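S.K.:
In the numbering used here, the protein residues as written are 61 to 306.
Take a look at the structure:
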């Protein structure tokens, strides 16, 4: 298994969380679920999910299982616009790991969007105002969670605009931020993975999605949090925004 930062630099075990803090994304290649679990088990803790197995991994394939409720679309061949996972719950998972097991005949490319540079265009005062005026509504239109929260320089974003949830802006600055997020999402460049490839992302910072596909594409996903004994446990409270020039 090989781990690389977003610039292609190889990572050792001690580099993983620092790279995730700095860049939000770690690329995985030549891996299997067991090798990932063995390599990263000391760094993370399982975040419970109703569709996950006993080992914390969810098998994602187009089986059309309607019993999966609002999440059923993930188990089809449909496109999934870039989003954060578990956006409507109070405490979403900080980490998301995805591994492609079997490729599609066509389509199924991943899309990743880094929101950090977007938030850095706004001052702390603007973000505090946006916190009060930009909400994520569920499919019935009920406000469930603020789209962002900022505390002591750590920011959590909860973003979806799909069949599960949609954002609602109630101020000019909130609408401006939402427009920037939508623009970045629409400009995301699809990337094709090969079986054994995947990624580990900071779910509070990086949006992830996939394009529509045809064929027997299969992946596995792990949701987790950083071990509380780690010096990087602060990642469970958000990503460091590092306001620039404001």
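All C-beta atoms, glycine included, are put in the ideal place defined by N, C-alpha and C. On a predicted model such as this, the values are computed, not experimentally measured, just so you know.
Given that a residue counts as buried once 16 or more other Cβ atoms are within 10 Å of its Cβ, and exposed if not, what is residue 202?
M.R.: That one is exposed.
S.K.: Cutting at 8 Å between CB atoms, please list the residues of its own chain near residue 251, excluding the five before and the five after it.
M.R.: 169, 170, 171 and 172
S.K.: Take residue 259 as the anchor and find which of 180, 279 and 110 has the nearest alpha-carbon.
M.R.: 279
S.K.: Looking at the structure shown, is residue 183 part of a helix, part of a strand, or coil, going by DSSP?
M.R.: In the structure shown, residue 183 sits in coil (DSSP, three-state: anything other than H, G, I, E or B).
S.K.: Quick one: Cα of residue 285 to Cα of residue 118, how far?
M.R.: Roughly 16 Å separates the two Cα atoms.
S.K.: Which first and last residues belong to the alpha helix (DSSP H) in which residue 312 is found?
M.R.: This structure gives no information on residue 312, because the portion of the chain shown stretches from 61 to 306.
S.K.: Would you tell me roughly how many angstroms separate the C-alpha atoms of residue 67 and residue 261, rounded to the nearest one?
M.R.: Those two C-alpha atoms are separated by around 14 Å.
S.K.: Would you decide whether residue 281 is buried or exposed? Buried here means 16 or more other CB atoms lie within 10 Å of its CB.
M.R.: buried
S.K.: Give me, in chain order, the residues of the same chain whose beta-carbon lies closer than 6 Å to that of residue 220; leave out the 5 immediate sequence neighbours on both sides.
M.R.: 143 and 147
S.K.: Tell whether a beta-carbon distance below 8 Å holds between residue 273 and residue 176.
M.R.: no
S.K.: Between the segment 156-170 and the segment 178-193, do at least 3 Cβ pairs fall closer than 8 Å?
M.R.: no
S.K.: Report yes if the C-beta distance between residue 63 and residue 85 is below 8 Å; otherwise report no.
M.R.: Pairing residue 63 with residue 85 gives a Cβ-Cβ distance that is not under 8 Å.
S.K.: State the CB to CB distance for the pair residue 187 and residue 208, rounded to an integer number of angstroms; the pair is presumed to be in contact (CB under 8 Å).
M.R.: 7 Å
S.K.: Once the 5 residues before and after residue 226 are set aside, which same chain residues still bring their CB inside 6 Å of it?
M.R.: Cβ within range, chain order: 197.
S.K.: Can you have a look at residue 114 and say buried or exposed, based on whether 16 or more other CB atoms are within 10 angstroms of its CB?
M.R.: exposed
S.K.: Could you please give the first and the last residue of the uninterrupted beta strand (DSSP E) stretch that includes residue 230?
M.R.: Here residue 230 belongs to no beta strand (DSSP E), and DSSP marks it neither H nor E.
S.K.: Which first and last residues belong to the alpha helix (DSSP H) in which residue 98 is found?
M.R.: 93-100
S.K.: Would you identify the three-state DSSP class for residue 279, choosing helix, strand or coil?
M.R.: strand
S.K.: I'd like the span of the beta strand (DSSP E) that includes residue 161, first residue to last.
M.R.: 155-162
S.K.: Taking all protein chains shown into account, do 16 or more other C-beta atoms lie within 10 angstroms of the C-beta of residue 79, making it buried, or fewer, making it exposed?
M.R.: buried
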